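Just add 20 to the spot in the sequence shown (first one is 1) and you have the numbering used here.
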Amino acid sequence: MLANAKKILIETESTETLIVRLAGSYRSNNSYCELCDCESEMHDLNSSVSLTGRGARDLLREIELGLLHTVQTSEGHLLLCGNSLRATPVSSSSEE
21 MLANAKKILI ETESTETLIV RLAGSYRSNN SYCELCDCES EMHDLNSSVS LTGRGARDLL
81 REIELGLLHT VQTSEGHLLL CGNSLRATPV SSSSEE
């Protein structure tokens with residue numbers, strides 16, 4: 021029986037999708053921006069990255085340079101002003 025045995029090769033392919041949703045992600049709140057002197061949509065850092073296509077490090081650098089307006093919540097979360105996100109052009113460092 022072993023001499024007549026045939027090998028059968030079975031290949032399978034599978035995919036897996038993992039969706040991670042972070043609390044507060046893709047949400048915005050209207051809040052007062054002191055630097056704009058008006059109400060503005062405020063976005064968390066993750067949402068700002070998704071909305072602008074810029075990296076988190078680039079956004080943090082622009083915050084440090086005073087190009088982007090921010091507020092800090094009582095829980096310590098950093099929110100970025102939507103007006104300043106739209107008004108600030110993409111810097112050359114983020115295009116590299």
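Beta carbons: idealized from backbone N, C-alpha and C, even for Gly.
Quick caveat, the model's predicted, so the values are computed rather than measured.
1. Rounding to the nearest angstrom, what Cα-Cα distance links Thr108 and Glu84 in this structure?
2. Assuming contact is defined by CB atoms lying nearer than 8 Å, are Arg71 and His63 in contact in what I supplied?
3. Is it buried or exposed, Glu31, if we count other Cβ atoms within 10 angstroms and call 16 or more buried?
4. For Val91, write down the residues that DSSP places opposite it in a beta bridge.
5. Quick check on His89: buried or exposed, where buried means 16 or more other Cβ atoms within 10 Å of its Cβ?
6. Over what stretch of residues does the alpha helix (DSSP H) that includes Arg77 continue unbroken?
A quick look at the data gives this:
1. 14 Å
2. Looking at the sequence itself, residue 71 is Leu, so the reference to Arg does not match. Going by C-beta atoms, Leu71 is nearer than 8 Å to His63.
3. exposed
4. Leu99
5. buried
6. Ala76 to Glu84
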